[in-house]
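Numbering (this note's numbering), first residue to last: 310 to 564.
Shown next as structure tokens:
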């Protein structure tokens, strides 16, 4: 995740509240958990899309008529960024601990998706509709291919994690530097590397979540099944969003 990543899976983190079990489980049970992951992820994307379109329409109307709008307030925009970051931390930590209930986790994830929609609304205002649809379609295709690969591959992708995180840190540093440089060439390179990193993240996270879903300690606890599904949805949701944003920067260079 570009905003926040918690790479200590539920039931696997040092000092966590949950212990890992190594006994195999049935493919049917594991598939059921993974279906929940994708259901929650798509719900999150749907909420973000709805909020983004609603807010962007409000902004465009206000700009066209000269009317005041709460969505143009810097306080609202800055507040949504801070709130989104805080929620990501709470979810990332809370989903690996017993103090965050599954119901609260689900509510916080939906709130997080809504706040992300507020942040994404500016994207719909800045970029042309054709560019947005092209970036979204490309994101859906790339995400689908890499998630299927991560789910089905027999190769162990664990070693990819540290390299992807190193690349992500470098990407963030380069992006911060380019805020001052304003180099279009560097921005182009950053966007390409960002796409490559989150394509890899999608496969890596999918396999990681699948292995969590294979844990009998999780399978036998309905609360944990829900928390794992939300944890996995959050990981893949952010992979999708970040991949979309980097592709949008590539496709929208002439907008």
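No residue lacks a Cβ here, since even glycine has one placed at the ideal position from N, Cα and C.
Contact set for residue 409: own chain, Cβ-Cβ below 6 Å, skip 5 residues either direction = Here residue 409 is taken as the residue at index 100 of the chain shown, counted from 1. Answer for residue 409: 403, listed in chain order.
CB of residue 444 within 8 Å of CB of residue 557, strictly = The count along the chain shown starts at 1 and reaches residue 444 at position 135. The count along the chain shown starts at 1 and reaches residue 557 at position 248. Their beta carbons are under 8 Å apart, which means residue 444 touches residue 557 by this criterion.
Alpha carbon to alpha carbon, what distance is there between residue 412 and residue 464?
-> The residue you call residue 464 lines up with position 155 of the chain shown. The residue you call residue 412 lines up with position 103 of the chain shown. The alpha-carbon atoms of residue 464 and residue 412 are separated by roughly 35 Å.
Go through its chain and collect everything with a Cβ distance to residue 496's Cβ below 8 Å, but skip five positions before and after it.
-> Indexing the chain shown from 1 puts residue 496 at position 187. Here the set comprises 487, 558.
Report the residue from 446, 490, 503 whose alpha carbon sits nearest the alpha carbon of residue 473.
-> Within the chain shown, numbered from 1, the residue matching residue 473 stands at position 164. Nearest of 446, 490, 503 to residue 473, Cα basis: 503.
Helix, strand or coil: which one does DSSP assign to residue 369?
-> Along the chain shown, one-based indexing puts residue 369 at 60. Residue 369 falls in the helix class under three-state DSSP.
Quick one: what does DSSP say residue 561 is sitting in, helix, strand or coil?
-> Indexing the chain shown from 1 puts residue 561 at position 252. Reduced to three states, the DSSP call for residue 561 is coil.
Which residues in the same chain have their Cβ closer than 8 Å to the Cβ of residue 356, if we skip the five residues on either side of it in sequence?
-> The sequence position of residue 356 within the chain shown is 47, counting from 1. Cβ within range, chain order: 419, 422, 423, 426.
Please determine if the region 439 to 458 and the region 383 to 390 are in contact, where contact requires at least 3 C-beta pairs separated by less than 8 Å.
-> no
Is it buried or exposed for residue 551, if we count other Cβ within 10 angstroms and need 16 for buried?
-> As a position in the chain shown, residue 551 is number 242, starting the count at 1. Per the 10 Å Cβ criterion, buried.
Can you tell me the Cβ-Cβ gap for residue 513 and residue 459, rounded? I've got them flagged as a contact below 8 Å.
-> By 1-based counting over the chain shown, the position of residue 513 is 204. By 1-based counting over the chain shown, the position of residue 459 is 150. Yes, residue 513 and residue 459 are in contact; Cβ-Cβ is about 7 Å, under 8 Å.
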